[in-house]
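What follows is a short report on a single structure.
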Amino acid sequence: MKKESRVLILCTIFIAFPLVQSIFEGPKEVEEWFKELPIKKEKVTKLHFYFHDTTSGPAQTAHQIAESNISSTTVTQFGRTFMFDNPLTVKPDIRSTRIGKGQGFFGAASFEEPRFIMNLNFVFTNGRYNGSTLQFLGTNPIFHRVREMSIVGGTGVFRLARGIATAQTYFLNDTSSIVEYNLLVVHYY
Ligand SMILES: *[C@@H]1O[C@H](CO)[C@@H](O)[C@H](O)[C@H]1NC(C)=O
Ligand SMILES: *[C@@H]1O[C@H](CO)[C@@H](O)[C@H](O)[C@H]1NC(C)=O
Ligand SMILES: *[C@@H]1O[C@H](CO)[C@@H](O)[C@H](O)[C@H]1NC(C)=O
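Reminder that position 24 of the sequence shown reads as 24 in the UniProt record's numbering, one-by-one numbering, no gaps.
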């Protein structure tokens, strides 16, 4: 009986180990992870989710934090900048399963067209990527059908990640938008 339960515990640890292996935190653990880098393999992970941006009303998640003294007189509102903490969901419906948040800022960065600099973190709080993050940087011409931006890094299971995100507007009005994101991320396991 005792022996049996010990075998069971060993099995559980063995099975659980690969899942959590790469997200042991702390300076020593990260150092160990780097030592193993030469024998680690690369893999490509596909992520798909919807990003909900709301700039007014009771469900507001994006707030203006800055503008330049020409923002209100330029057609592109140059310099106007928002900090946001936007939900990420598996379906376009805001009530669908939440997988995390998109946290960061965007600001109007072009004199010619509506084009934002995007600087944000995808912070995952659910499922197998819970606790891991991706760092996202790019230029976003918001009225183009597809916008391609960069994944420049990651933490947790996404340590040293890089990749490409494509954004497509699913819904847009004066106060909110829902953007569909497809990510292809190269990382290690
Ligand atoms: C904006 O601010 C700069 C620096 O303070 C000033 O020189 C400029 O005249 C201002 N422009 C406008 C349109 O207010
Ligand atoms: C995500 O991880 C945190 C910290 O380990 C934990 O408290 C939380 O319950 C997890 N959430 C889900 C949905 O698994
Ligand atoms: C924009 O759409 C959202 C979500 O459907 C809605 O709650 C909001 O009232 C709309 N805003 C405007 C200005 O139409």
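From the three backbone atoms N, C-alpha and C, an ideal C-beta is built for every residue, glycine too. Quick caveat, the model's predicted, so the values are computed rather than measured.
Requested in this report: Report yes if the C-beta of Thr175 is less than 6 Å from at least one heavy atom of ligand 3; otherwise report no.
Outcome: Yes; taking the cut-off as 6 Å, the Cβ of Thr175 has a heavy atom of ligand 3 nearer than that.
Query raised in the report: Closer than 6 Å: is that where the CB of Asn69 sits relative to any heavy atom of ligand 1?
Result: yes
Query raised in the report: So which residues put a beta carbon under 6 Å from any heavy atom of ligand 2, going in chain order?
Result: Thr125, Asn126, Asn130 and Gly131
Query - Local Cβ density within 10 Å of Ile178, reported as buried at 16 or more and exposed below that - result: It counts as buried.
Query - Which listed residue (Trp33, Ile23, Ile164 and Phe158) has its alpha carbon closest to that of Arg147 - result: With distances taken between Cα atoms, Arg147 lies closest to Ile164.
**Report entry** Alpha carbon of Pro58 to alpha carbon of Arg95, nearest angstrom
**Finding:** Between Pro58 and Arg95, the C-alpha separation is close to 16 Å.
Query raised in the report: Given a threshold of 16 other Cβ atoms within 10 Å of its Cβ, counted over all protein chains shown, does Gly127 qualify as buried or as exposed?
Result: exposed
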